[in-house]
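*Asks:* I'd like to ask you about the structure that follows.
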Amino acid sequence: MTSSNRFVTHVVENQPSIPVPYNLWRDDALLSVFVNQHLPPSHQHDEGLLDRYGQLAGDVLMNHGELANQNKPVFHAFDRYGRRIDDVQFHPSYHALMECAMQHNVHNYSWKHEGINGAHTFRAALMYMHYQAESGTSCPLTMTHAAIPAMRYGKSLPPYYLDKVINGVYDPRSLPASQKHGLTIGMGMTEKQGGSDVRLNTTKATKQADGSYRIVGHKFFFSAPMCDAHLILAQAESGLSCFLLPRVLEEGTLNNVQIQRLKDKLGDWSNASSEVEFQDATAYLIGEEGRGVPVIIDMVSLTRLDCMIGSSALMRQSLVHALHHVSHRDAFGKTLINQPLMQNVLADLTIECAAATALTMRVAKAVDSTQNDSHEAALARLATAIGKYWICKRTPMFVNEAQECLGGIGYVEENPIPRYYRQAPLNSIWEGSGNVQCLDVLRALAKEPNVKQALFSELKTQVGKNKHYDIHLGKLLDELSNTQNMETRSRYLTEQMALALQACSLLATSLDNDAFKDIAHTFCESRLGNACGSAFGTLPDTTPFEKIIALGQVSYA
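In this text, residue positions in the sequence shown follow my numbering: the first is 20, and each later residue adds one.
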C-alpha cells in the first residue's frame, strides 16, 4: 500500500446518481393523460403554459422548495426601537416560489378563464406540479384561489380587491391594498374552543357607523399571516358572519391584529401559521350577518379539491423518487426494480397514485361544470368530501412505502422524502378531518337526494367493463340503502364510495388509452375484489407488473 492510497477506505458504488431535473408536464404521462381526458379544446392553446411551468417546477422550483423548508419563517413582533410590527420574515426562496406561481396563474387561472369549460381542470394541473416542487407556498395560493367566491358577496368591498386578487402579481410589500400590484388572501376560521365546529366561535364583530366592523377576539389557526387580507368568522348581532380583514389599513397603518406566535408544525415548514388576537381590528362584512357558513361553502369545496391535488402530488413525487432509486440500485444479484417482490410494491404504488390522480382530475372537471350542469354540480358536492377523505388518508402510508424503497437514506434529511412524509398528514387534517368529511357525506346524501342519484349515474357509466366493479356497485347500493347506524358506518361507506369513484375514473380513462387498462383492471381486482392484502405490495401474482411500473416512470428527457 502506497502512502497515497493508504487512507482510501472504500469506493462509492451501487448508489444512484442524484435525480436530474425533468419536466413535470411533458415527461409525466400519468399526469397528462388524466388531465387531457377532461380538458376541452378551448384550453389547448394554453398547453405551452403547462409545459413551461412543468419545466420550472421540475428544476429551479425544486431547489427553491428545499431552501424554503430549510429556512423557516421568522416572526418579529417589534422593530429595533420597540415599535410593534408583527412581521414575518421569509427566505428569498419562499418569495421566488410565490412570484413564479402567481406569474404562471397557479392562483388565478380558474378565474381569469371563468366560464370556459376546463378552467379548474387546467388550474388543477398547475397546482399539482407546484405542490410537487413545494407544499408550503401552496397554502396561500390555495386560499387566494378559493377566496374569490366568498369575496364576491362583499357588496361594500372596493372593486380593486377582487381585481387585484384575480389579475394581480405577487407583491410582498406591506402596503394598503389600493397601492399593491396584487393581493394574497389568507383565512382564520378556528378558535381554541372549537376547530371544525366554527359555530362555537366567540370572536365578536360590532358594526360601526361607516358600515365597517370592529373585531375583538382571537384565532388559534391564522394561516399565512403576511397575506394582504384574511377571511374570518365572527359573531355579529345576527349570528356567525364572514368578514374580510385587511392587514394594512388604507391610511397605511397596520390593522389591530397582533400575532402571538408562529406554530411549530410537524411539516409545512416554509409556510407561516400563526395564532393571533384581534384588538378592535377593522373588517368588512362579506354577505349578510348570520350567514357566515353559507358564504364560505364554495370556498370549502375549492380548498378540499386542493387537498386532493396536494396529496395526489405528494404521492406522485414520492413514487418518482422510489422508481429512480430502485432503477439504479442492485441487491441480491439483481437491480431492485427487477426483483419480483419490489415489482409488486412499485406496481401497487403506481396504481394507487394513478387512482388518486384520476379521481382528483375527475372532481376538478365536476367543479368546472357546477354552474351549468346539475349532474356535475351534485357530483362535485359529494365527491369533494369523498375524495378529500380517502386520498388524504392514503398519502402518509403511501409516502412511507416509497421511503422504504430507498431504505435508510429515505429517512435522512438530505433526501426530500422525509419532507414529503412530514407533509403527508396535513391535508387529512386541514379543511375538516376525516370524521368531518364523512359526516358531510352523510349530510349531503340525506338532505340532497340528487347527490345520491348523481353518484350512481356516474358509477353506472362503467358498468359491464369489469366484474369486480359491477359486484362492488351492487354491494354499495345495498349498503347505502341500509340507513341503520349510518354515522357509525360512515367511514366504511365513504371508503367504499371512494374506491368505486376511483375505479370508475380509471375504467373511463382506459377506454381512450389502452395502456391504462392494466391499471384499471388491476385496481378493480385488488381493491374491489379483495385480491390483495392490507399493505402495499400484495397484488396478485398474475399482475402485469412491468407494464404498470412503466406507466409510473418519468422520461427524464
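C-beta atoms are modelled at their ideal positions from N, C-alpha and C, and glycine is treated no differently.
1) Determine the DSSP secondary structure at K536, reduced to helix, strand or coil.
2) Contact check, A399 vs V382 under 8 angstroms by CB: the rounded distance?
3) Can you grab the Cα-Cα spacing for the pair F241 / G205, in whole Å?
4) Enumerated in chain order, which unbroken segments of the alpha helix (DSSP H) with a length of 4 residues or greater are wholly contained in the segment 435 to 506?
5) Return the CA-CA distance between L333 and I370, expressed in angstroms with no decimal places.
6) How would you call D229, buried or exposed, if buried means at least 16 neighbouring beta carbons within 10 angstroms?
7) My output table needs one value for D105: the three-state DSSP class, helix, strand or coil.
8) Starting from K91, trace the beta strand (DSSP E) in both directions and tell me its first and last residue.
9) Suppose you measure from the CA of T203 to the CA of F262; what does that come to, to the nearest Å?
10) To the nearest angstrom, how far is it from the Cα of F414 to the Cα of S231?
11) Out of curiosity, what's the CA-to-CA distance linking A341 and E423?
12) Short of 6 angstroms in beta carbon distance, which residues of its chain neighbour R280, apart from the five on each side in sequence? Order them along the chain.
13) Here's the rule: buried if 16 or more other CB atoms are within 10 angstroms of the residue's CB, otherwise exposed. What is R266?
14) What first and last residue would you give for the alpha helix (DSSP H) that runs through A228?
15) What's the gap between the Cα of Q208 and the Cα of A569?
16) A152 and A76 look like a contact to me (Cβ under 8 angstroms); what is the Cβ gap, rounded to whole Å?
17) Excluding the 5 residues flanking N136 on each side, which residues of the same chain have their C-beta closer than 8 angstroms to its C-beta?
18) So, helix, strand or coil for F262, using DSSP?
19) According to the Cβ coordinates, are T513 and V460 closer than 8 angstroms?
20) When the distance is taken between beta carbons, is I567 closer than 8 angstroms to A366?
21) Going straight from the alpha carbon of P563 to that of Q108, what length do you get?
22) Short of 7 angstroms in beta carbon distance, which residues of its chain neighbour Q644, apart from the five on each side in sequence? Order them along the chain.
23) What beta strand (DSSP E) runs, 3 residues minimum, are completely inside the segment 366 to 401?
24) Could you tell me which whole alpha helix (DSSP H) segments of length 4 or greater appear in the segment 112 to 161?
25) Just the C-alpha distance for H110 and Q122, rounded to the nearest angstrom, thanks.
26) Is the distance from the Cβ of T156 to the Cβ of Y113 below 8 angstroms?
27) Over the uninterrupted beta strand (DSSP E) stretch that includes Y303, give me the two end residues.
28) Scan the segment 49 to 94 and note each continuous beta strand (DSSP E) run of 3 residues or more that stays entirely inside, going in chain order.
29) How close, in whole Å, do the beta carbons of S197 and Y179 come, if the pair is a contact with beta carbons under 8 angstroms?
30) What residues in its chain sit with their C-beta under 7 angstroms from that of T163, if we drop five residues either side in the sequence?
31) Please state the DSSP three-state secondary structure of R280.
32) Using 8 angstroms for Cβ pairs, my map puts V573 next to D47. What's the rounded Cβ distance?
33) Do H83 and A120 count as a contact pair if the criterion is CB distance below 8 angstroms?
34) So, at 7 angstroms on beta carbons, what are the nonlocal neighbours of H343 in its own chain, with the 5 sequence-adjacent residues on each side left out?
35) Quick one: residues in its chain with C-beta nearer than 6 angstroms to the C-beta of K536, no 5 flanking neighbours on either side, listed in chain order?
36) In three-state terms, what does DSSP make of A248?
*Replies:* To lay it out plainly:
1) Note: K536 maps to helix in three-state DSSP.
2) 7 angstroms
3) 8 angstroms
4) 436 to 442, 445 to 448, 453 to 466, 468 to 478, 486 to 500
5) Taken atom to atom, the span from the alpha-carbon of L333 to that of I370 is near 14 angstroms.
6) By the Cβ-count criterion, D229 is exposed, with fewer than 16 other Cβ atoms from all chains shown falling within 10 Å of its own Cβ.
7) strand
8) For K91, there is no enclosing beta strand (DSSP E), since its DSSP letter is neither H nor E.
9) 15 angstroms
10) Reading the sequence as shown, one finds Thr at residue 414 and not Phe. Spanning the two alpha carbons is a distance of roughly 43 angstroms.
11) 8 angstroms
12) E294
13) R266 counts as buried, since at least 16 other C-beta atoms from the protein chains shown sit within 10 angstroms of its C-beta.
14) Neither: A228 is in no alpha helix (DSSP H) and is coded neither H nor E.
15) What sits at residue 208 in the sequence shown is Met, not Gln. Straight-line Cα distance between these residues: approximately 44 angstroms.
16) 4 angstroms
17) Annotation for N136: P59, S61, D387, S388 place their beta carbon closer than 8 angstroms to its own, counting only its chain and skipping 5 residues before and after.
18) strand
19) yes
20) yes
21) 51 angstroms
22) Only positions 20 to 576 of the chain appear in the structure, and residue 644 is not among them; the question remains open.
23) none
24) 128 to 131, 138 to 152
25) 19 angstroms
26) yes
27) Membership of Y303 in the beta strand (DSSP E) is indicated by the continuous run 292 to 305.
28) none
29) 6 angstroms between Cβ atoms; contact.
30) Cβ contact annotation for T163 (same chain, cutoff 7 angstroms, sequence separation greater than five): H126, V184, T203, I204, in chain order.
31) strand
32) Right, their Cβ atoms sit about 5 angstroms apart.
33) no
34) P35, P38
35) Contacts found: S529.
36) strand
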